[in-house]
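Just so you know, we're using the numbering used here here: the sequence shown kicks off at 39 and counts up by one. The beta carbon of each residue, even a glycine, is placed where N, CA and C say it ideally should be. These numbers come from a predicted model, not from an experiment.
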Amino acid sequence: MKLLDEVQQRYQRLLTRRHFLRQGTLGVGAMALGGMLGCEQLESPTMSAASRSQFPQFAPKANRVIFLHMAGAPSQLELFDYKPLLQNLDGKDCPPSLLEGKRFAFIEGVPEMLGPQFSFAQYGGSDSWVSELLPRFTEVVDDVAFLKAVHTNEFNHAPAQLFVHTGSPRIGRPSFGSWVTYGLGSENSDLPGFVVLVSGQSQPSGGKSLWGSGFLPSEYQGVELRSQGDAVLYVSDPQGMSRDIRRKALDAINAINQQAYEEAGDAEILSRISQYELAFKMQMTVPEATRIADEPDYIHDLYGTEPGVVS
Numbered sequence: 039m040k041l042l043d044e045v046q047q048r049y050q051r052l053l054t055r056r057h058f059l060r061q062g063t064l065g066v067g068a069m070a071l072g073g074m075l076g077c078e079q080l081e082s083p084t085m086s087a088a089s090r091s092q093f094p095q096f097a098p099k100a101n102r103v104i105f106l107h108m109a110g111a112p113s114q115l116e117l118f119d120y121k122p123l124l125q126n127l128d129g130k131d132c133p134p135s136l137l138e139g140k141r142f143a144f145i146e147g148v149p150e151m152l153g154p155q156f157s158f159a160q161y162g163g164s165d166s167w168v169s170e171l172l173p174r175f176t177e178v179v180d181d182v183a184f185l186k187a188v189h190t191n192e193f194n195h196a197p198a199q200l201f202v203h204t205g206s207p208r209i210g211r212p213s214f215g216s217w218v219t220y221g222l223g224s225e226n227s228d229l230p231g232f233v234v235l236v237s238g239q240s241q242p243s244g245g246k247s248l249w250g251s252g253f254l255p256s257e258y259q260g261v262e263l264r265s266q267g268d269a270v271l272y273v274s275d276p277q278g279m280s281r282d283i284r285r286k287a288l289d290a291i292n293a294i295n296q297q298a299y300e301e302a303g304d305a306e307i308l309s310r311i312s313q314y315e316l317a318f319k320m321q322m323t324v325p326e327a328t329r330i331a332d333e334p335d336y337i338h339d340l341y342g343t344e345p346g347v348v349s
């Protein structure tokens with residue numbers, strides 16, 4: 039009877055789409071990387087999920103990626119996306135050609151066009167248009183790539199933000215940061231490869247899906263750092279618990295999870311083991327990494343920060 043149950047479990051795993059996707063991202067991706075980079079370590083059958091996430095899927099040209107999503111910031115139409123036609127239409131009724139077949143939120147009748155409210159000029163050898171709102175930005179304009187070929191039909195905040203971060207207006211796809219972490223790997227095994235800083239009093243309209251891993255293993259999802267209290271929730275030890283006791287408890291949990299993986303074969307269990315191990319390391323590394331006040335003055339000058347003052 040036990041043998042029959044085991045056969046049925048294995049058969050069900052073969053039919054599970056989620057199982058295929060998760061195994062595929064770990065197995066096929068590692069095989070492809072081994073072929074491209076000739077990395078013998080990736081061929082080891084005992085390599086953990088945590089080890090896998092440290093290796094890039096491609097030979098990286100970038101060491102790190104900083105993605106700034108400033109919801110509620112000035113429109114690109116007021117910063118660096120100059121529209122001469124929109125300037126000419128300022129104060130006039132919207133042309134019918136711009137409304138036909140389109141859906142808009144909170145717009146009734148024929149709206150009035152609003153052109154740029156600030157002056158533009160061209161700068162640098164690239165003759166890039168930049169508004170008067172960004173005077174210092176004009177000094178580095180030739181080092182910046184502008185992407186102006188993006189189009190979307192989303193007109194509400196949440197699906198539009200999801201589209202920007204995941205390529206889809208619906209929940210369930212891996213975020214930009216997850217793909218970057220999957221592609222580039224991580225230089226530090228003691229800290230998350232993908233961290234998220236949220237400013238303001240509330241979460242973005244798209245929610246935590248903006249840094250979710252979707253169908254990729256959960257080890258590639260973003261870790262949110264907080265500005266008050268513990269930098270990362272649920273990482274600190276309870277009062278009175280020593281590191282030695284925590285280590286023994288973690289070893290026991292990992293042993294149970296390893297047994298569960300051997301029985302179920304779900305790669306997500308390996309991700310959970312690696313996340314527990316990373317959380318244990320983060321108890322020591324996160325407080326040091328987030329102690330911004332200890333940074334030298336020249337770093338604060340570069341970022342325009344002042345310890346204790348909201349930037």
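What residues are listed by DSSP as bridge partners for residue i?
i, result
"Glu150", "Asp131"
"Leu235", "Leu263"
When DSSP labels each residue in this structure, what does residue i get in the three-state scheme?
i, result
"Ser166", "strand"
"Glu33", "Summary: the structure shown does not reach residue 33, with the chain confined to residues 39 through 349, and so no result is reported for it."
"Val347", "strand"
"Ala293", "helix"
"Gln277", "coil"
"Glu225", "coil"
"Leu308", "helix"
"Ala97", "coil"
"Gln283", "A small correction: the amino acid at residue 283 is Ile; Gln does not occupy that position in the sequence shown. Correct three-state label for Ile283: helix."
"Gln125", "helix"
"Tyr255", "Here the sequence assigns Pro to residue 255, which means Tyr is not the residue at that position. Of the three classes helix, strand and coil, the one that applies to Pro255 here is coil, per DSSP."
"Gly215", "helix"
"His107", "coil"
"Leu117", "coil"
"Ile337", "helix"
"Phe144", "coil"
"Leu71", "With a pLDDT of only 41 at Leu71, under 50, the local geometry of the prediction cannot be trusted, and the value read off the model is given with reservation. Here Leu71 sits in helix by DSSP."
"Tyr299", "helix"
"Asp268", "coil"
"Gly323", "Note that residue 323 is Thr in the sequence shown here, rather than Gly. Looking at Thr323 - three-state DSSP - the assignment turns out to be helix."
"Gly245", "helix"
"Gln155", "coil"
"Ala88", "With a pLDDT of 46 at Ala88, under the threshold of 50, the modelled position of this residue cannot be trusted; read the value that follows with caution. Helix at Ala88."
"Leu64", "In this prediction, Leu64 scores a pLDDT of 47, lower than 50, which makes its location untrustworthy; the coordinate-derived value is nonetheless stated afterwards. Reduced to three states, the DSSP call for Leu64 is helix."
Using CA coordinates, which residue listed in the options is at the minimum distance from residue i?
i, options, result
"Ser312", "Arg329, Leu288, Met322", "Leu288"
"Ala143", "Ser227, Glu116, Phe193", "Phe193"
"Gly260", "Leu229, Gly205, Ser280", "Leu229"
"Lys99", "Gly205, Met108, Gly223", "Gly223"
"Trp167", "Arg310, Leu115, Glu225, Leu254", "Leu115"
"Arg218", "Leu340, Val347, Arg102", "A small fix is needed here, since residue 218 is Val in this sequence, not Arg. Considering only alpha carbons, the answer is Arg102."
"Ala111", "Leu152, Pro134, Arg141, Leu171", "Leu171"
"Lys186", "Ile307, Asp119, Ala305", "Asp119"
"Val234", "Ser227, Ser213, Asn226, Glu225", "Ser213"
"Gly327", "Ser265, Asp282, Pro197", "A small correction: the amino acid at residue 327 is Ala; Gly does not occupy that position in the sequence shown. Ranking Ser265, Asp282, Pro197 by Cα distance to Ala327 puts Ser265 first."
"Gly245", "Gln277, Pro276, Arg208, Ser280", "Arg208"
"Pro134", "Pro149, Ser227, Asp282", "Pro149"
"His203", "Tyr336, Glu315, Ala109, Tyr314", "Ala109"
"Phe318", "Val188, Ile283, Asp335", "Ile283"
"Gly267", "Gln297, Arg329, Ser227, Ile294", "Arg329"
"His107", "Glu138, Gln199, Gly139, Lys140", "Gln199"
"Asn226", "Leu316, Gly278, Met279", "Leu316"
"Arg285", "Tyr314, Glu262, Glu301", "Tyr314"
"Phe184", "Gly139, Leu117, Leu136", "Leu117"
What distance in whole Å lies between the Cβ atoms of residue j and residue i, which are believed to be in contact at a cut-off of 8 Å?
i, j, result
"Tyr161", "Val179", "5 Å"
"Gly210", "Gly252", "6 Å"
"Pro255", "Leu248", "18 Å between Cβ atoms; not a contact."
"Val6", "Val324", "With the chain running from 39 to 349 in the structure shown, residue 6 is simply not present."
"Met151", "Lys130", "5 Å"
"Ser216", "Phe232", "7 Å"
"Ser164", "Phe156", "About 20 Å separates the two Cβ atoms, so there is no contact after all."
"Gly153", "Leu124", "5 Å"
"Gln239", "Ser274", "In fact, because the Cβ distance is near 24 Å, the residues do not count as touching under 8 Å."
"Thr190", "Phe201", "6 Å"
"Tyr299", "Ile291", "That belief does not hold up - the Cβ atoms of Tyr299 and Ile291 are roughly 13 Å apart, past 8 Å."
"Glu257", "Ser309", "4 Å"
Segments assigned beta strand (DSSP E), at least 3 residues, entirely inside the region 157 to 212: Taking only runs of at least 3 residues, the beta strand (DSSP E) segments lying wholly in the region 157 to 212 are 158 to 161, 166 to 169.
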